[in-house]
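Numbering (our numbering), first residue to last: 142 to 298.
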Ligand SMILES: Nc1ncnc2c1ncn2[C@@H]1O[C@H](COP(=O)(O)OP(=O)(O)OP(=O)(O)O)[C@@H](O)[C@H]1O
Ligand SMILES: [Mg+2]
């Protein structure tokens, strides 16, 4: 397990950090995004997807809970399980994502599905500070996420 902390002082800076971080992703990363409403979790995901040149493609059953982004070289799932309970995540169309070992998974409010995902994951906890300032606490739980955490700390310096 590794820990770190990065800072952002604007939406633009969060987008820039996400864009740089997108280049270290190799597929198979699991990233949990925590923190209150309006903290910047979705901004980070959008920065990442757009830097990779990804467009979201419609997912059938649960498009408000899960967005799939893909092109020839990357697949990325963005899920947001706000207000969902663990018992409610069945039959919502997450099977494809759970079986895709080469996709990047970014999960806001991930608790309902966390036990179905591998342990090796990067946790990013967005903390609201004064105005547009955000502190982002990082924690990693395995070989892959440890290395992504180190990369992210370097990128955000
Ligand atoms: N440093 C910052 N980083 C990211 N967003 C910021 C920052 N400063 C201000 N903002 C603004 O805060 C808002 C963040 O919204 P966003 O949708 O990303 O929140 P969220 O964490 O995904 O919330 P929710 O839990 O409701 O999904 C945006 O309006 C964005 O412009
Ligand atoms: Mg969001």
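C-beta: ideal position from N, C-alpha, C; glycine also.
Pairwise C-alpha distance: residue j and residue i
i           : j           : result
residue 182 : residue 216 : 19 Å
residue 174 : residue 267 : 7 Å
residue 244 : residue 218 : 7 Å
residue 299 : residue 165 : The displayed coordinates of the chain run from 142 to 298. Any statement about residue 299 would go beyond what the structure contains.
residue 240 : residue 169 : 11 Å
residue 256 : residue 143 : 20 Å
residue 160 : residue 185 : 9 Å
residue 265 : residue 276 : 10 Å
residue 155 : residue 233 : 30 Å
residue 237 : residue 171 : 15 Å
residue 197 : residue 167 : 19 Å
residue 152 : residue 271 : 13 Å
Cβ shell of residue i (< 6 Å), same chain only, five flanking positions each side left out
i           : result
residue 145 : 279, 290 and 294
residue 163 : 189, 192 and 193
residue 242 : 169
Own chain partners of residue i with C-beta closer than 8 Å, once the 5 adjacent residues on each side are dropped
i           : result
residue 222 : 206, 230, 248, 249, 250, 251, 252, 253 and 254
residue 158 : 147, 149, 185, 188, 293, 296 and 297
residue 269 : 176, 177, 179, 180 and 275
Distance CB(residue i)-CB(residue j) smaller than 7 Å
i           : j           : result
residue 286 : residue 258 : no
residue 225 : residue 210 : no
Bridge partners - residue i, DSSP secondary structure assignment
i           : result
residue 172 : 247 and 263
residue 152 : According to DSSP, which records beta bridges pairwise, residue 152 is partnered with nothing at all.
residue 208 : 219
residue 280 : 144 and 264
residue 214 : Note: residue 214 sits in no beta bridge, so no partner.
7 Å CB neighbourhood of residue i in its chain, flanking five on each side removed
i           : result
residue 260 : 282 and 283
Practice item. Name all residues in chain order for which at least one heavy atom of ligand 2 lies closer than 6 Å to the residue's CB. Key: Qualifying residues come out as 182, 183, 221 and 249.
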